[in-house]
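Chains as they are written, first to last, in numbering that gives the first Met the number 0: chain A, 0 to 206; chain B, 0 to 206; chain C, 0 to 206; chain D, 0 to 206. All C-beta atoms in this analysis are idealised placements derived from N, C-alpha and C, irrespective of residue type, glycine included. Take a look at the structure below.
4 protein chains.
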Amino acid sequence: MSDVTTSLPADQERKAPGRPRSARADEAIIEAVLDLLADGTPAESLSIEAVAAKAGVGKATIYRRWANKEGLLVDAVASLKGELPRLAGESVRDDLIALLRPVGTPSHTRAGKIMPCLLSELHRSPELYRCFQKITEPRRELMRQVLRRGIDRGELRADLDLELVLVILVGPVVAQSILAWPPAVHQRNLPERLVDAVWPALAAPAG
Amino acid sequence: MSDVTTSLPADQERKAPGRPRSARADEAIIEAVLDLLADGTPAESLSIEAVAAKAGVGKATIYRRWANKEGLLVDAVASLKGELPRLAGESVRDDLIALLRPVGTPSHTRAGKIMPCLLSELHRSPELYRCFQKITEPRRELMRQVLRRGIDRGELRADLDLELVLVILVGPVVAQSILAWPPAVHQRNLPERLVDAVWPALAAPAG
Amino acid sequence: MSDVTTSLPADQERKAPGRPRSARADEAIIEAVLDLLADGTPAESLSIEAVAAKAGVGKATIYRRWANKEGLLVDAVASLKGELPRLAGESVRDDLIALLRPVGTPSHTRAGKIMPCLLSELHRSPELYRCFQKITEPRRELMRQVLRRGIDRGELRADLDLELVLVILVGPVVAQSILAWPPAVHQRNLPERLVDAVWPALAAPAG
Amino acid sequence: MSDVTTSLPADQERKAPGRPRSARADEAIIEAVLDLLADGTPAESLSIEAVAAKAGVGKATIYRRWANKEGLLVDAVASLKGELPRLAGESVRDDLIALLRPVGTPSHTRAGKIMPCLLSELHRSPELYRCFQKITEPRRELMRQVLRRGIDRGELRADLDLELVLVILVGPVVAQSILAWPPAVHQRNLPERLVDAVWPALAAPAG
DNA sequence: CGTTAATCGAGACGGTACGTCCTGTCTTCGG
DNA sequence: CCGAAGACAGGACGTACCGTCTCGATTAACG
């Protein structure tokens with residue numbers, strides 16, 4: 000949470016005096032941010048004034064909740080939930096490819112359009128970075144499980160450094176989505192080719 | 000070229016009438032941009048007014064040359080020349096590590112400080128992207144040569160897809176510089192660990 | 000009023016939503032304009048930026064109230080109140096001279112310094128002209144009263160066209176303040192000589 | 000003359016070396032100024048750049064001849080010659096009215112359109128003021144001759160202060176052209192009414 | 001007859017002010 | 001006390017002129 004106002008005390012539900020904050024406003028603001036991002040507004044030039052106008056909300060209502068644009072972005076992004084792909088669970092190779100694919104191929108969902116343009120903002124904001132990590136963690140965890148399963152089955156080397164493998168697999172796909180132009184057009188089948196190419200480094204020695 | 004005024008016809012050197020544009024101003028502007036970037040100004044919030052002030056130049060002198068901030072950035076970046084590392088040439092492994100290291104560890108040179116914060120802008124601008132590719136091409140070419148040498152010597156597999164290998168090696172390092180926080184602190188020895196980890200996928204089968 | 004925003008309906012005092020405009024800002028702006036004018040800034044080259052700086056106000060705060068420099072000038076001038084001279088009331092001739100004198104001899108009051116340099120702007124702006132007329136009307140009205148008193152007493156012709164007489168008396172003094180150089184230096188005693196010279200045209204026939 | 004370059008030595012006609020200044024440029028510049036003024040450009044906001052463009056001349060060619068806008072205006076105005084009205088010479092009253100009329104009623108000639116809007120600039124510039132006086136002097140002199148003739152014929156008082164009479168007659172007409180809005184619409188027959196009204200102050204005592 | 005030197009047009013130069021827009025804060029009202 | 005509405009001081013935007021300068025090309029008179 001990057002709310003400006005400190006949270007309520009844990010033990011007792013103290014009711015704040017005066018008019019309670021409108022949940023409708025919260026939603027409307029977050030929705031407005033996501034819509035603007037999805038419409039192509041470059042995250043950095045997202046203007047609070049535009050958000051307020053689109054949400055039908057006063058600017059102060061935004062500043063009362065978030066101290067800066069970063070915080071607003073964080074909470075907006077946090078509300079995105081990327082669904083995880085269903086894994087067949089039969090082949091380690093296929094599961095890895097399935098997990099890598101959506102990272103490299105921007106879907107037509109709103110989340111799919113927003114995430115890539117956030118990559119650019121990560122290095123500016125530890126908050127946003129942590130938030131991004133949190134959102135993508137389930138996908139990474141899933142990948143770890145797939146790898147551990149491969150090790151258990153004897154398909155993969157037992158001495159793999161899982162975190163390093165994640166970097167090796169995810170890194171090229173992420174980098175490609177930044178370094179390629181137009182974004183993510185080259186190498187649509189990159190995940191497949193990537194997994195196959197590094198496979199000898201992952202696979203347990205035959206015999 | 001991102002000049003506003005269209006170029007001269009190729010066959011004949013027609014001299015434009017009026018006072019020619021000042022080369023000193025060109026330099027001063029580019030230098031000002033680079034200095035501001037190196038001083039930590041986040042590339043997107045680089046203000047033309049600040050550039051003009053730092054360069055000791057009228058705003059119009061900038062707008063006369065570049066139609067927008069992107070063009071100015073492109074030409075500023077284009078003037079950066081990253082020196083290539085000297086390669087020992089003895090070990091393919093060591094050469095690859097040497098080539099990867101400066102990408103991941105921002106040097107104290109101005110170019111070293113500027114390049115990473117440009118990664119964020121690449122996906123917004125095809126021009127800037129092309130410019131970035133052009134600048135980094137020599138380093139990629141060097142890496143290709145190292146790989147080819149390894150193949151010739153029999154150290155590396157003969158059927159390697161060089162471009163794919165570049166993606167596999169460079170991708171994780173670039174991604175790390177974007178996804179890690181604080182930037183490039185984790186994994187200082189990433190290049191070394193990376194090359195060693197994927198080595199089995201590159202090396203020619205023994206015997 | 001030369002406000003940009005249209006006025007409220009007459010019958011009902013509808014309160015505008017949002018923060019009301021600051022009266023302090025109004026004052027500060029007007030004061031700044033008058034100070035700058037009195038300091039010798041030639042009314043035409045009065046820069047909004049300078050006004051804003053002197054008033055300690057954002058430029059937008061000025062543009063929110065006035066659409067152009069003319070309107071601002073009008074309202075600034077409108078805030079000037081020229082005090083009327085005390086008339087002895089004994090002699091028509093002396094009273095007329097007293098009323099004409101301050102027009103021709105710029106006093107050291109702020110209003111006295113500002114008014115003459117506005118004459119030049121009048122022919123450009125109907126608004127400013129009307130405003131000027133309104134400010135000077137009390138003095139003209141006083142002059143009419145003096146003339147009527149003279150007629151009633153039998154000192155002046157009964158068939159005088161009062162408005163024409165005003166033009167005859169005020170015109171030369173005003174014209175002199177424009178056409179003479181340095182301004183208003185020639186003919187310091189012009190009002191006296193003027194009244195005496197045209198007196199035969201005003202006075203009732205003897206006997 | 001308000002030329003920037005100092006004049007030639009008195010005794011000998013030394014010819015300056017180099018290319019002589021183009022008379023065509025002189026004319027074109029003055030013409031451009033007059034055209035712009037006649038087209039309604041408010042004398043103060045007359046931009047040198049516009050003059051240069053309209054005259055088909057480089058800006059430096061203007062600045063080489065005149066140090067400032069005032070000088071340029073002066074020379075432009077100096078090139079205007081107001082033709083004097085033909086006087087019937089029979090009646091002093093009619094001649095005075097004829098001499099006053101064109102001052103108050105802007106003609107459709109270029110000079111007629113330009114002169115009134117210069118009145119506003121006079122108090123800013125001694126040069127321009129002197130130039131204006133010089134141009135209008137012939138008309139004033141003519142008026143003096145008419146008055147002297149009236150005196151000689153016994154129609155007018157012998158003790159008239161001619162200069163004061165000029166002020167009394169011309170002042171109201173000039174003032175009206177500045178203070179009235181729209182300019183010079185009120186009081187089209189002001190000259191006639193004016194002369195008739197002050198006539199008792201001018202006329203020689205009957206008998 | 002070629003040199004010399006000030007002119008010409010054009011237009012770039014460092015600046016200043018323009019009028020607009022957005023920022024983050026504040027101040028009013030009605031709910 | 002929160003809601004919207006919107007004014008506040010500040011500051012960057014991109015444009016238009018300012019008055020100066022620097023080009024290559026003219027255009028005389030001088031040597």
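Query - Given 8 Å, three or more beta-carbon pairs between the region 113–130 of chain B and the region 62–78 of chain B - result: Segment contact: the region 113–130 of chain B against the region 62–78 of chain B, three or more CB-CB distances shorter than 8 Å; contact assigned.
Query raised in the report: Smallest Cα separation from residue 98 of chain D: which of D/66, D/140 and D/108?
Result: With distances taken between Cα atoms, residue 98 of chain D lies closest to D/140.
Requested in this report: Say yes only if the C-beta of residue 94 of chain C is nearer than 6 Å to one or more non-hydrogen atoms of the ligand ATP, and no if none qualify.
Outcome: Absence of the ligand ATP is noted for the structure shown, with no ligands found whatsoever.
**Report entry** Inter-stretch contact (C-beta, 8 Å, three-pair minimum) for the region 107–117 of chain C and the region 57–67 of chain C
**Finding:** no
Query raised in the report: For residue 72 of chain A and chain B, any beta-carbon pair shorter than 7 Å?
Result: For residue 72 of chain A, the answer is no, since every Cβ of chain B falls outside 7 Å of its Cβ.
Requested in this report: Within the same chain, show all residues whose beta-carbon is closer than 8 Å to that of residue 92 of chain A, passing over the 5 residues directly before and after it, in chain order.
Outcome: 194, 195 and 198
Query - Beta-carbon neighbours of residue 196 of chain A, restricted to chain B and to distances below 8 Å - result: Here the neighbours are 160, 163, 164, 167 and 200.
Requested in this report: Please state if the CB of residue 190 of chain A and the CB of residue 96 of chain A are separated by a distance shorter than 7 Å.
Outcome: yes
Requested in this report: Return yes when the Cβ of residue 122 of chain A is within less than 7 Å of the Cβ of residue 61 of chain B, no when it is not.
Outcome: The Cβ-Cβ distance between residue 61 of chain B and residue 122 of chain A does not fall below 7 Å.
Query raised in the report: To which residues does DSSP link residue 155 of chain B through a beta bridge?
Result: B/202
Query raised in the report: Along chain D, which residues have their Cβ under 7 Å away from the Cβ of residue 43 of chain C?
Result: 43
Requested in this report: Please determine, among B/51, B/72, B/17 and B/48, the residue with the shortest C-alpha to C-alpha distance to residue 36 of chain B.
Outcome: B/72
Requested in this report: Determine, using beta carbons only, whether residue 170 of chain C and residue 171 of chain D come nearer to each other than 7 Å.
Outcome: yes
Requested in this report: Name, please, each residue of chain B whose Cβ falls closer than 9 Å to the Cβ of residue 193 of chain A.
Outcome: Result: 163, 166, 167 and 170.
Report task. Compare the C-alpha of residue 85 of chain A against each of A/155, A/57, A/145 and A/40 and name the closest. Result -> A/145
Requested in this report: For the alpha helix (DSSP H) holding residue 43 of chain C, just list the boundary residues, first then last.
Outcome: Per DSSP, residue 43 of chain C belongs to no alpha helix (DSSP H) and is neither H nor E.
Query - Rounded straight-line distance, which links the Cα of residue 83 of chain D to that of residue 167 of chain D - result: 20 Å
Report task. Assuming residue 156 of chain A and residue 203 of chain A form a contact by the criterion Cβ under 8 Å, report the distance between their Cβ atoms to the nearest whole angstrom. Result -> Their Cβ separation, rounded to whole angstroms, is 5 Å, which keeps residue 156 of chain A and residue 203 of chain A in contact under 8 Å.
Query - Inter-residue Cα distance where the pair is residue 29 of chain C and residue 39 of chain C - result: 16 Å
**Report entry** Whole-angstrom distance between residue 52 of chain B and residue 25 of chain B, CA atom to CA atom
**Finding:** 14 Å
Report task. Check each candidate in B/14, B/32, B/44 and B/41 and name the one with the smallest Cα separation from residue 56 of chain B. Result -> B/32
**Report entry** Own chain, CB closer than 7 Å to residue 161 of chain A, minus 5 neighbours either side, in chain order
**Finding:** Around residue 161 of chain A: 143 and 146.
**Report entry** residue 60 of chain B - containing alpha helix (DSSP H), residue span
**Finding:** 58–64
Requested in this report: In the DSSP assignment, find the alpha helix (DSSP H) that holds residue 160 of chain A and state where it starts and stops.
Outcome: Residue 160 of chain A -> no alpha helix (DSSP H), and no H or E assigned at all.
Query - Supposed contact pair residue 201 of chain D and residue 173 of chain D - C-beta distance, whole angstroms, cut 8 Å - result: In fact, because the Cβ distance is near 19 Å, the residues do not count as touching under 8 Å.
**Report entry** Proximity below 7 Å, CB of residue 27 of chain A to CB of residue 54 of chain A
**Finding:** yes
Query raised in the report: Cβ of residue 42 of chain C within 7 Å of Cβ of residue 120 of chain C?
Result: yes
Report task. Report the option in C/134, C/88 and C/58 whose CA atom is closest to the CA atom of residue 152 of chain C. Result -> In this structure, C/88 is the residue among C/134, C/88 and C/58 with its C-alpha nearest to the C-alpha of residue 152 of chain C.
Query raised in the report: Given that a residue counts as buried once 16 or more other Cβ atoms are within 10 Å of its Cβ, and exposed if not, what is residue 16 of chain D?
Result: exposed
**Report entry** First and last residue of the uninterrupted alpha helix (DSSP H) at residue 23 of chain A
**Finding:** 22–37
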